Each structure stands twice: as structure tokens, then as C-alpha cells.
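Novice: Could you have a look at this structure, given as C-alpha cells, before my questions?
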Amino acid sequence: MNKLVATAAQAVADLPDGASIAVGGFGLCGVPQTLIRAVHDTGVSGLRLVSNNCGTDGRGLGILLEAGRVARVVASYVGENKEFARQYLAGELEVELIPQGTLAERLRAGGAGIPAFYTPAGVGTQIADGGLPWRYRADGSVAVASPARETREFQGRDYVLEQAITCDFALVHAAFGDRHGNLVLRRSAANFNALAATAGRVTVAEVEQLVEPGELDPDRIHVPGVYVQRVVELTADQAADKPIERRTILERTTR
Numbered sequence: 001m002n003k004l005v006a007t008a009a010q011a012v013a014d015l016p017d018g019a020s021i022a023v024g025g026f027g028l029c030g031v032p033q034t035l036i037r038a039v040h041d042t043g044v045s046g047l048r049l050v051s052n053n054c055g056t057d058g059r060g061l062g063i064l065l066e067a068g069r070v071a072r073v074v075a076s077y078v079g080e081n082k083e084f085a086r087q088y089l090a091g092e093l094e095v096e097l098i099p100q101g102t103l104a105e106r107l108r109a110g111g112a113g114i115p116a117f118y119t120p121a122g123v124g125t126q127i128a129d130g131g132l133p134w135r136y137r138a139d140g141s142v143a144v145a146s147p148a149r150e151t152r153e154f155q156g157r158d159y160v161l162e163q164a165i166t167c168d169f170a171l172v173h174a175a176f177g178d179r180h181g182n183l184v185l186r187r188s189a190a191n192f193n194a195l196a197a198t199a200g201r202v203t204v205a206e207v208e209q210l211v212e213p214g215e216l217d218p219d220r221i222h223v224p225g226v227y228v229q230r231v232v233e234l235t236a237d238q239a240a241d242k243p244i245e246r247r248t249i250l251e252r253t254t255r
């Protein structure tokens with residue numbers, strides 16, 4: 001039951017080239033920064049990532065993109081990562097863009113053992129009809145396009161069939177965890193972390209604070225330990241590494 005691993009490097013040492021990885025976080029909030037850097041340091045390439053977005057230039061999953069380690073991304077939006085957009089438009093990267101709620105449900109379904117589900121999101125668009133560019137050629141033409149998906153009518157409304165997502169590995173970030181793998185997420189950092197954790201065959205969690213089994217309130221646990229195979233306790237400096245993607249400050253006015 002002791003799932004504690006001494007370092008992030010040890011926790012991802014067996015991650016192979018071409019692995020599929022579900023990664024928690026939204027923008028730069030709740031992103032497993034330390035685990036991502038450890039993956040970068042292994043030198044693995046050809047990675048297939050599933051994440052809400054792909055970090056920013058130089059932060060989060062952006063460091064794997066900049067190093068040319070990523071072959072494919074399933075995400076909801078490009079965000080403010082210029083390198084992500086450049087590689088996609090240049091034909092260096094395959095990208096499957098899907099509605100954010102659909103991505104969340106595909107991960108949840110994968111973790112629950114549900115192979116597929118119907119959703120109204122995407123009906124009447126290229127999501128359902130096919131033809132959405134997944135990969136471009138260098139000349140700007142489409143090299144790989146999305147296939148058409150099955151649609152079906154329920155109670156007079158059309159729905160599109162979406163397949164669940166499972167990955168070889170999942171990397172997640174939690175505020176609290178114990179060595180049994182139980183995790184507590186904090187506020188907006190919860191975002192995609194619980195969903196990603198359930199969808200990985202091998203889930204690695206970095207935790208800001210490690211506690212003893214039994215100290216976590218069972219009613220507050222967001223990810224039960226059955227979904228987590230490895231736990232890494234962050235140092236104080238690593239836990240404090242929480243960059244802000246875009247700082248917006250309201251100018252104070254006096255009356």
C-alpha cells in the first residue's frame with residue numbers, strides 16, 4: 001500500500017517513447033510542473049498528450065513541445081502557447097481539438113470503464129461530420145482530417161457518439177495526499193486533475209503536502225487511492241512553483 005516514490009525522476013523513469021499521457025491542470029493552474037520537468041529530463045519523445053491545453057511557452061507542457069517531444073495532442077484549445085500554434089500550423093504536430101465538456105466526459109468515461117457515450121455537443125459541425133484538420137502539411141493543406149462520427153436521434157434530438165479516453169500514464173497535482181494514494185485537490189486547481197487521474201493506467205501524483213493514512217477526511221477525498229499508483233512529495237520550493245498565465249490588475253481609482 002505504500003505508493004510513495006522518492007523523486008519525480010524515479011516516478012516517471014519507465015515512461016517509454018510514444019506513451020500516451022493524460023495531464024491535469026487548466027492553463028497553468030493545477031499543472032504537475034515537477035512531473036512534467038521530470039518527463040522532459042528522461043529524453044522520451046513521440047508523446048501523445050491529453051490535456052485541456054498544452055501549457056504556455058516555457059511552462060507546463062510547453063517545455064515538452066519546445067523540445068520536440070510531442071507527436072499528438074488532444075485538447076480543448078491552443079491557448080496562449082505560440083509554439084503550440086506554430087507546430088500545428090506547420091504540420092509538425094497532430095492536434096485533435098474537441099469541446100471542453102466533451103474532453104472532460106471522455107476522460108471520466110475512460111476512468112469509469114464506459115467505452116463511449118452520446119452527446120449533443122458538436123452536432124452539425126465538423127466534430128460530427130468530419131473534416132476537422134488534425135494535421136497539416138508544410139504547404140498548408142490538410143494531411144490528416146477527423147473522421148465522421150456516428151450520430152443518433154434520441155427523443156427528437158440528434159447526438160454524436162464520442163469514445164472514452166484512457167492513457168498509458170496520467171500526471172496530476174494535488175494539495176494533499178497520503179502514501180496510499182488518496183488525494184485532496186484545492187479550489188480551481190482541481191479542474192482536470194481528478195478526471196486525468198482516473199483515466200491513466202499508471203497514475204503519478206505530485207502532492208504539496210504528504211500526510212499519514214487516516215488523516216484525510218474521507219468526505220474530502222477527491223481521488224481515491226485505487227486510481228493512483230505512485231505518489232511524489234514535493235519540496236517546499238516545488239510546491240510554491242505556481243506561475244500565473246496572465247496577470248490582470250484592476251487599476252485602483254480614488255474618489
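Mapped onto the UniProt record's numbering, the consecutive letters of the sequence shown carry residue numbers 1 to 255. Ideal Cβ placement from N, Cα and C applies to all residues, glycine included. These numbers come from a predicted model, not from an experiment.
Whose C-beta lies closer than 8 Å to the C-beta of residue 169 among residues of the same chain, with five residues either side of it excluded?
Specialist: 12, 15, 19, 20, 21, 22, 200, 201, 202, 203 and 204
Novice: By Cβ distance, which residues of its chain are closer than 6 Å to residue 149, with the 5 residues on each side in sequence left out?
Specialist: 128, 160 and 161
Novice: Cα separation between residue 214 and residue 242?
Specialist: 28 Å
Novice: Looking at C-alpha atoms only, which residue of 218, 192 and 217 is the closest neighbour of residue 31?
Specialist: 192
Novice: Any idea if residue 74 is buried or exposed, counting beta-carbon neighbours within 10 angstroms, 16 or more meaning buried?
Specialist: buried
Novice: Where does residue 200 fall in DSSP's three states?
Specialist: strand
Novice: What does DSSP give as the partner residue(s) for residue 59 in the beta ladder?
Specialist: 56
Novice: My parser needs the beta strand (DSSP E) runs of 3 or more residues fully inside the region 51-128; what are they?
Specialist: 70-75, 94-97 and 116-119
Novice: Buried or exposed for residue 10, going by 16 or more other Cβ atoms inside 10 Å?
Specialist: Counting C-beta atoms within 10 angstroms of its own C-beta, residue 10 has fewer than 16 neighbours from the protein chains shown and is therefore classed as exposed.
Novice: Have a look at residue 108 and residue 194 and give me their C-alpha separation to the nearest angstrom.
Specialist: 9 Å
Novice: Relative to the alpha-carbon of residue 8, which residue among 233, 250 and 245 has its alpha-carbon at the smallest distance?
Specialist: 233
Novice: Would DSSP call residue 36 helix, strand or coil?
Specialist: helix
Novice: For residue 238, I'd like the list of residues in its chain whose CB is within less than 7 Å of its CB, leaving aside the five on either flank, ordered along the chain.
Specialist: 34
Novice: Which one of 246, 69 and 50 has the shortest CA to CA distance from residue 43?
Specialist: 69
Novice: Using the DSSP secondary-structure output, state which residues sit across from residue 173 in a beta bridge.
Specialist: Here residue 173 is bridged, per DSSP, to 206.
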